[in-house]
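Heads up: the sequence shown at position 43 corresponds to 43 in our numbering, and the numbers run straight through without jumps.
Don't be surprised by glycine CBs; every beta carbon is placed ideally from N, CA and C.
Since we're looking at a predicted model, the values are computed, not measured.
Working notes for the structure below.
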Amino acid sequence: MRDRRHEAGQALFEFGVTLPILMALVLGVIEFGYALFQVQLVTSMAREGSNLIARQVTINDAEAALQTMSGLVSFDANSTLILSVVRLGVGGANNNVPIIVQRHSVGAFAASSVLGDPPQSAYQGSPDYNAYDPDNDGSIRVSGVLPNGFTLTPGESVYVTEVFTQRTSIVPFMPLPAMLHASAYF
Numbered sequence: 001m002r003d004r005r006h007e008a009g010q011a012l013f014e015f016g017v018t019l020p021i022l023m024a025l026v027l028g029v030i031e032f033g034y035a036l037f038q039v040q041l042v043t044s045m046a047r048e049g050s051n052l053i054a055r056q057v058t059i060n061d062a063e064a065a066l067q068t069m070s071g072l073v074s075f076d077a078n079s080t081l082i083l084s085v086v087r088l089g090v091g092g093a094n095n096n097v098p099i100i101v102q103r104h105s106v107g108a109f110a111a112s113s114v115l116g117d118p119p120q121s122a123y124q125g126s127p128d129y130n131a132y133d134p135d136n137d138g139s140i141r142v143s144g145v146l147p148n149g150f151t152l153t154p155g156e157s158v159y160v161t162e163v164f165t166q167r168t169s170i171v172p173f174m175p176l177p178a179m180l181h182a183s184a185y186f
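So this is what it looks like as structure tokens:
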């Protein structure tokens with residue numbers, strides 16, 4: 001008859017060896033799934049923001065809707081929301097030049113817009129944040145490139161929402177991006 005105590009010790013040893021590997025695998029799957037969820041959330045928020053301002057909702061109302069959309073992305077020190085409306089200038093120094101005619105930024109996370117970063121002082125306040133002098137203010141010109149070589153025609157507007165957020169991590173050792181960025185153009 002065999003001694004079962006040695007077999008029990010062997011099973012415990014095998015379990016002890018495989019447990020860290022299994023835990024790393026499970027935590028990696030959870031972290032990757034959570035990162036995909038956060039990417040989807042930020043993309044959804046950007047699309048919804050552009051959709052709202054394209055429907056002539058005030059920028060304040062669009063901001064309020066996006067702030068209530070998710071508890072994970074609150075526009076504070078870890079996130080920034082930038083709402084912009086781009087058109088061709090119709091006169092003055094900005095004639096036929098893409099300019100940002102409406103702009104509002106919420107949040108303290110350090111982020112740069114793909115359109116450029118005109119000073120907030122170039123825009124009026126709530127509720128629409130229109131440019132003070134869209135015909136002559138050179139600081140509101142689009143300094144970046146619109147997506148896919150998009151070109152504006154006179155009278156056409158492009159509604160842009162950008163969401164920047166610092167990704168929260170469940171497992172700190174995963175090599176995933178620390179910042180998430182999504183933009184939507186309508």
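What do you reckon, are the CB atoms on residue i and residue j nearer than 8 angstroms?
i: V101; j: N136; result: no
i: L83; j: P98; result: no
i: Q120; j: L72; result: no
i: M174; j: G28; result: yes
So, for residue i: in the same chain, excluding its five sequence neighbours on each side, which residues have a beta-carbon less than 8 angstroms away from its beta-carbon?
i: I30; result: I170, V171
i: A77; result: G107, A108, F109
How many Å lie between residue i and residue j at the Cα?
i: F32; j: G16; result: 25 angstroms
i: G49; j: L41; result: 12 angstroms
i: D133; j: I140; result: 9 angstroms
i: A182; j: A46; result: 6 angstroms
i: Q26; j: N94; result: The sequence given here places Val at residue 26; Gln does not occur at that position. V26 and N94: Cα-Cα distance of roughly 56 angstroms.
i: V114; j: N60; result: 21 angstroms
i: Y34; j: T43; result: 14 angstroms
i: G155; j: E63; result: 25 angstroms
i: L22; j: S74; result: 34 angstroms
With a threshold of 6 angstroms on Cβ separation, who are the neighbours of residue i within its own chain once the five nearest residues in sequence on each side are excluded?
i: T80; result: G107, F109, A111, F164
i: V54; result: Checking the displayed sequence, the identity of residue 54 turns out to be Ala instead of Val. Counting only Cβ-Cβ distances below 6 angstroms, and skipping sequence neighbours, we find Y159, F186.
i: L152; result: L88, P98
i: A184; result: A46, R47, S50, T161
Assuming residue i and residue j are in contact, meaning their beta carbons sit under 8 angstroms apart, how far apart are those beta carbons, in whole angstroms?
i: V142; j: G125; result: Between G125 and V142 the Cβ distance is about 22 angstroms, and since that is not below 8 angstroms, they are no contact.
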